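A.B. asks: One line per chain: the protein sequences are A and B, in this order.
All residue numbers for the first sequence refer to the working numbering, where the first residue is 1414 and numbers rise by one.
All residue numbers for the second sequence refer to the working numbering, where the first residue is 284 and numbers rise by one.
From the three backbone atoms N, C-alpha and C, an ideal C-beta is built for every residue, glycine too.
Note that the structure is a prediction, hence the values are computed from the model and not measured.
Below is the structure I would like to discuss, written out as structure tokens.
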Amino acid sequence: MDKRSLDDAIREALGRDDPAAVELIWQRYADILLAYLVAKFCSRHDAEDVLQTVFVRIAGKRRKLARAGHLDAYIYRIARNEAVSHMRLRRRSGKDEAPRESWVEASPGAQEHSDVVELLEVALSRLPEPQRQAVVLKVYREKTFQEIARLLGISLNTAASRYRYGMERLRILLKERLA
Amino acid sequence: MSETDLDRDKIERLMKAARLPGPSDALKARVIEATQKVWRRDSIDIPARILLRRLVASAAAAVIVVALADRYSDRTVPPWRPGDIAAAYQEPFELEVFLESPHSVAMPHRRVRGRQPAAIDASALRGHVERFREILSETLGDGEMRSSTSIEGRSRMIPTRPDFDLYS
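So, in structure tokens, the structure goes:
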């Protein structure tokens, strides 16, 4: 099922107030939302917690969601708001620093390059958050700049430039490895 | 191809050595369960919430209607403001003027007090009684005499027409 027909199916289920809509929303949005949240927090644990909160919030706002002109834009906005709230809470509780946990893992064909994976994780963590989000979504989820722009609520040009600046910074950070 | 582009290709290849794992099945089960729980609970809550909203809307409308009626009605009394009293002119209070005023609230009390007898004087009362006795005895004496005397000798206590006895 492609994205458009999935969105239609979600709308239909929302119109019937059918809880099965949750599964469809998961199928359509869980992966990209989790990638966005992991890139934002550099923590898989936090990202999973916030993803659950986002879905609960979606259930609470399902009537508004059913009437929304752009389903994806509405869901992405909920995710952005929840992410900001979580960051604020983390800052208030004095846990501003991201927890020391691995949030990327070695690809199935590159198990032996664990040092590369660690290096990449450190380099990505050092990127400014907006650039990291653009790079992660582009490289690891192969999203278009259009999709990245919609998810982050920014213009297409901003999304492209964030990616470009992010890659430039990564080139500097990984200079020794590339040499 | 520039050096920067070459480096970018190298970085992208390097990055492919790592991957960002997608959501696990355990996470999916956890999130969907929590979400559907909230979904069902909200579905039950909705009728009660609609009723509550209607009640609140009715109460708000009633408050608005009463407020508007109070504001624009002909019988509206201007709202009391403590500042008005401080600014208003007030005549100095004089007890004598107050008591002599014909519409004074003190007047009914004064009238009632005026109707009450003064302090009872025993000798005056005795004098009154004596005087009543005299009048009474005179009257009785006159009655006895009336049969033998003329009309002119009647008591002044019993007013009669001058030709009374002529027709009796």
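Looking only at its own chain, which residues have a Cβ that is under 6 Å from the Cβ of Gln-1544/A, when we skip the five neighbours before and after it?
C.D. replies: The sequence position of residue 1544/A within the first sequence is 131, counting from 1. These residues qualify, in order along the chain: Arg-1575, Tyr-1578 and Gly-1579.
A.B. asks: Does chain B have any CB closer than 8 Å to the CB of Gly-1403/A?
C.D. replies: Nothing about residue 1403/A can be reported from this structure: the residues present for chain A run from 1414 to 1592 only.
A.B. asks: In the DSSP assignment, find the unbroken alpha helix (DSSP H) run with Leu-1550/A in it and report its ends.
C.D. replies: As a working mapping, residue 1550/A is identified with position 137 in the first sequence. Element bounds for Leu-1550/A: 1542-1552.
A.B. asks: Under the assumption that Tyr-1487/A contacts Leu-1564/A (Cβ atoms under 8 Å), give the Cβ distance between them as a whole number of angstroms.
C.D. replies: If you number the first sequence from 1, residue 1487/A lands on position 74. If you number the first sequence from 1, residue 1564/A lands on position 151. With a Cβ gap of about 12 Å, Tyr-1487/A and Leu-1564/A do not count as contacting.
A.B. asks: Is the stretch 1450-1467 of chain A close to the stretch 1481-1501 of chain A, with three or more CB pairs under 8 Å?
C.D. replies: As far as the Cβ criterion goes, the stretch 1450-1467 of chain A touches the stretch 1481-1501 of chain A, which means the pair count is three or higher.
A.B. asks: Do Val-1517/A and Val-1530/A have their beta-carbon atoms positioned less than 8 Å apart in this structure?
C.D. replies: As a working mapping, residue 1530/A is identified with position 117 in the first sequence. As a working mapping, residue 1517/A is identified with position 104 in the first sequence. Their beta carbons are under 8 Å apart, which means Val-1530/A touches Val-1517/A by this criterion.
A.B. asks: Looking at the structure shown, is Arg-336/B part of a helix, part of a strand, or coil, going by DSSP?
C.D. replies: Taking the first residue of the second sequence as 1, we reach residue 336/B at position 53. Three-state result, Arg-336/B: helix.
A.B. asks: Using alpha carbons as the reference points, say which of Leu-1437/A, Arg-1501/A and Gly-1482/A lies closest to Phe-1468/A.
C.D. replies: Translated into positions along the first sequence, residue 1468/A becomes position 55. Per the Cα distances, Leu-1437/A.
A.B. asks: Can you tell me which residues form a DSSP beta bridge with Glu-1436/A?
C.D. replies: Reading the first sequence from its first residue, position 23 is the one you call residue 1436/A. Paired residues: none, contrary to the question.
A.B. asks: May I ask you to list, following chain order, the residues of the stretch 305-339 of chain B that have a beta carbon less than 7 Å from some beta carbon of chain A?
C.D. replies: Listed by position along the chain: Gly-305, Pro-306, Leu-310, Lys-311, Arg-313, Val-314, Ile-315, Ala-317, Thr-318, Gln-319, Val-321, Trp-322, Arg-323, Asp-325 and Ser-326.
A.B. asks: Counting only beta-carbon separations shorter than 8 Å, does Ala-1573/A have a partner in chain B?
C.D. replies: Here residue 1573/A refers to the residue found at position 160 of the first sequence. Cβ-Cβ to chain B under 8 Å: no for Ala-1573/A.
A.B. asks: Pull the bridge partners of Ala-309/B from the DSSP assignment, please.
C.D. replies: As a position in the second sequence, residue 309/B is number 26, starting the count at 1. Note: Ala-309/B sits in no beta bridge, so no partner.
A.B. asks: Return the first residue and the last residue of the alpha helix (DSSP H) that Ala-300/B is part of.
C.D. replies: Translated into positions along the second sequence, residue 300/B becomes position 17. Where Ala-300/B is concerned, there is no enclosing alpha helix (DSSP H), given that its DSSP letter is neither H nor E.
A.B. asks: Is Leu-1587/A buried or exposed, if buried means 16 or more other CB atoms sit within 10 Å of its CB?
C.D. replies: Position 174 of the first sequence, counted from the first residue, corresponds to residue 1587/A. Answer is buried; the Cβ neighbour count reaches 16.
A.B. asks: Taking its Cβ as the centre, do 16 or more other Cβ atoms sit within 10 Å of Leu-449/B, making it buried, or is it exposed?
C.D. replies: Within the second sequence, the letter at position 166 stands for residue 449/B. Confidence is the limiting factor: at Leu-449/B the pLDDT is only 49, short of 50, which leaves the residue's position unreliable, though a coordinate-based value still follows. By the neighbour-count rule (16 or more Cβ atoms within 10 Å), Leu-449/B is not buried but exposed.
A.B. asks: Quick one: Cα of Leu-1427/A to Cα of Arg-1441/A, how far?
C.D. replies: Here residue 1427/A corresponds to residue number 14 of the first sequence, with the count starting at 1. Here residue 1441/A corresponds to residue number 28 of the first sequence, with the count starting at 1. Their Cα atoms are separated by approximately 14 Å.
A.B. asks: Flag this pair as touching only if the stretch 1547-1565 of chain A and the stretch 1458-1465 of chain A have three or more C-beta atom pairs under 8 Å; answer yes or no.
C.D. replies: No: fewer than three Cβ pairs fall under 8 Å.
A.B. asks: Which bits of chain A does Leu-297/B rub up against, with CB to CB less than 8 Å?
C.D. replies: For the purposes of this step, residue 297/B is taken as residue 14 along the second sequence, with counting starting at 1. Ordered by position in chain A, the residues that pass the 8 Å Cβ test against Leu-297/B are Val-1529, Leu-1533, Leu-1587, Arg-1590 and Leu-1591.
A.B. asks: Output the boundary residues of the alpha helix (DSSP H) element that contains Gly-1428/A.
C.D. replies: Counting from one through the first sequence, the residue named residue 1428/A turns up at place 15. Here the alpha helix (DSSP H) through Gly-1428/A covers 1416-1428.
A.B. asks: Establish whether the CB of Leu-351/B and some CB of chain A are separated by less than 8 Å.
C.D. replies: On the second sequence, residue 351/B is found 68 positions in, with the first residue counted as 1. No - not a single Cβ of chain A is within 8 Å of the one on Leu-351/B.
A.B. asks: With 8 Å set as the bound, which would you pick, yes or no: does the beta-carbon of Asp-290/B sit closer than that to a beta-carbon of chain A?
C.D. replies: Against the second sequence, residue 290/B aligns to sequence position 7. Cβ-Cβ to chain A under 8 Å: yes for Asp-290/B.
A.B. asks: According to the Cβ coordinates, are Arg-1584/A and Arg-291/B closer than 8 Å?
C.D. replies: Locating residue 1584/A in the first sequence gives position 171, counting from the first residue. Locating residue 291/B in the second sequence gives position 8, counting from the first residue. Against a cut-off of 8 Å, the Cβ pair of Arg-291/B and Arg-1584/A comes out as a contact.
A.B. asks: Use the C-beta contact count for Lys-1551/A: other C-beta atoms within 10 angstroms, 16 or more gives buried, fewer gives exposed.
C.D. replies: On the first sequence, residue 1551/A is found 138 positions in, with the first residue counted as 1. Burial call: buried.
A.B. asks: List, in chain order, every chain B residue whose beta-carbon is nearer than 7 Å to that of Ala-1448/A.
C.D. replies: Counted from its first residue, the first sequence places residue 1448/A at position 35. In chain order: Leu-303.
A.B. asks: Checking contacts by CB at 8 Å: is Ala-300/B closer than that to chain A?
C.D. replies: The residue labelled residue 300/B in the question sits at position 17 within the second sequence. Closer than 8 Å to some Cβ of chain A, the Cβ of Ala-300/B qualifies, so yes.
A.B. asks: Express the C-alpha separation of Lys-293/B and Ile-1423/A in angstroms, rounding to a whole number.
C.D. replies: Position 10 of the first sequence, counted from the first residue, corresponds to residue 1423/A. Position 10 of the second sequence, counted from the first residue, corresponds to residue 293/B. Straight-line Cα distance between these residues: approximately 40 Å.
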